[in-house]
Amino acid sequence: MSAHCMLTGATPGFGNSISHSHRRTSRRFDPNVQRKRYWLPSECRHVRLRLSAKGIKTVDAIGVEAAVARIRARGVRV
């Protein structure tokens, strides 16, 4: 559950590593998840979010209040 974006819902993808001899072994493509702390003015406190790189750009575009509202709409506790 650690490689999971709270805003976009990005989760790991699965596939195969293919060697030079074309032997296939299972692998995992993790999203670029970072822990980021934002000031939430409406609640006068900081919130710590686990966001993918795309999620961080989304917060920059729509604002923290709207992003937290979307996260709560998905049923995630902030």
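For the sequence shown, the numbering used here begins at 1181 and goes up steadily by one.
Note that CB positions come from ideal geometry on N, CA and C, so glycine has one too.
Query: Where Thr1188 sits in the DSSP three-state scheme; Result: coil
Query: Arg1252 (DSSP reduced to helix, strand or coil); Result: helix
Query: Bridge partner(s) assigned by DSSP for Ile1198; Result: Arg1204
Query: Secondary structure, beta strand (DSSP E): runs of 3+ residues fully inside the stretch 1214 to 1243; Result: 1225 to 1232
Query: Classification of Pro1192 by the beta-carbon crowding that lies within 10 angstroms, buried from 16 upward; Result: exposed
Query: Given Ala1183 as reference, the closest of Arg1230, Arg1225, Val1248 and Arg1252 once Cα atoms are compared; Result: Arg1230
Query: Proximal residues to Met1186 (C-beta, below 6 Å), its chain only, five neighbours per side dropped; Result: Leu1229, Arg1230, Ile1251 and Val1256
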